[in-house]
Each structure stands twice: as C-alpha cells, then as structure tokens.
Amino acid sequence: MIFGATPFAHVHVVLSMLGILSGFVVVFGLLTARRLDGWTAFFLATTVLTSVTGFLVPIHKFLPSHGVGILSLIALAIAIYARYGRRLEAAGVRPTP
Numbered sequence: 826m827i828f829g830a831t832p833f834a835h836v837h838v839v840l841s842m843l844g845i846l847s848g849f850v851v852v853f854g855l856l857t858a859r860r861l862d863g864w865t866a867f868f869l870a871t872t873v874l875t876s877v878t879g880f881l882v883p884i885h886k887f888l889p890s891h892g893v894g895i896l897s898l899i900a901l902a903i904a905i906y907a908r909y910g911r912r913l914e915a916a917g918v919r920p921t922p
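If you want the numbering used here, it's the 1-based position in the sequence shown plus 825.
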C-alpha cells in the first residue's frame, strides 16, 4: 500500500484524474466549437467508472460522497442518453477529422 491506500483506491483515483483531464480537453473543444467525439466518449466512460468504483469502497453508513455519486450518475445517464440515445447534435459544431 502506498500512503495507506489499497490498489483499488489507486485505480479509483487514476480514473478520476483521467476523467478530469479529458474533461478539460472536451471543454476546450466546446470553447473552440469542435466536436471531439472520442474525447467525449472517454470523458463519459472514465467519469462513470469513477462514480461506480466509489460505491465499491466498503462503507458502514451513507456519506455525502454517496449522494454526490448518485447525482453524478443521474446527470451522466441523462448526458449519455442525450448524446448517444437521441443523437444530440448542436448547430454550428463541426466534427474533427
């Protein structure tokens, strides 16, 4: 264990960092009016995995972090449905080659 954390905790943190970094790339794409479909999919996947792995940590009672995780998964489900289920397309946003 490094710094008292289990390997599972390290996986959770790495997923979280990947989600945050890919989120910055996606926001850059939004600000420059470019669709970054691969980065968007990677961001959504790592963010969902971060939330899901957070629930796999052994707990003894409901904590505020669980509430945030539930809200995050609801928001992500809506975003994934809008993006992939309904094929949401924004006007003026061009796909990158």
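The beta-carbon is built from N, C-alpha and C at its ideal position, and this holds for glycine as well. Quantities reported herein were computed from a predicted structural model and do not represent experimental measurements.
When secondary structure is reduced to three states using DSSP, R908 falls in the helix class. By the 16-neighbour rule on beta-carbons within 10 angstroms, T831 is exposed. Counting C-beta pairs closer than 8 Å gives fewer than three between the stretch 832-848 and the stretch 884-904, which falls short of the contact rule. Considered as a whole, the stretch 832-885 harbours 832-856, 862-880 as its complete alpha helix (DSSP H) runs of no fewer than 4 residues, in chain order. Ranked by how close their Cα comes to the Cα of F833, the residues A902, I899, V877 have V877 in first place.
Beta-carbon to beta-carbon, G848 and F868 are separated by about 5 Å, close enough to satisfy the 8 Å threshold.
Annotated three-state conformation of L896 is helix, per DSSP. Taking the Cα of W864 as reference, the smallest distance to any Cα among S890, L846, G910 is reached at L846. In this structure, L901 lies near V873, with their beta-carbon atoms less than 8 Å apart.
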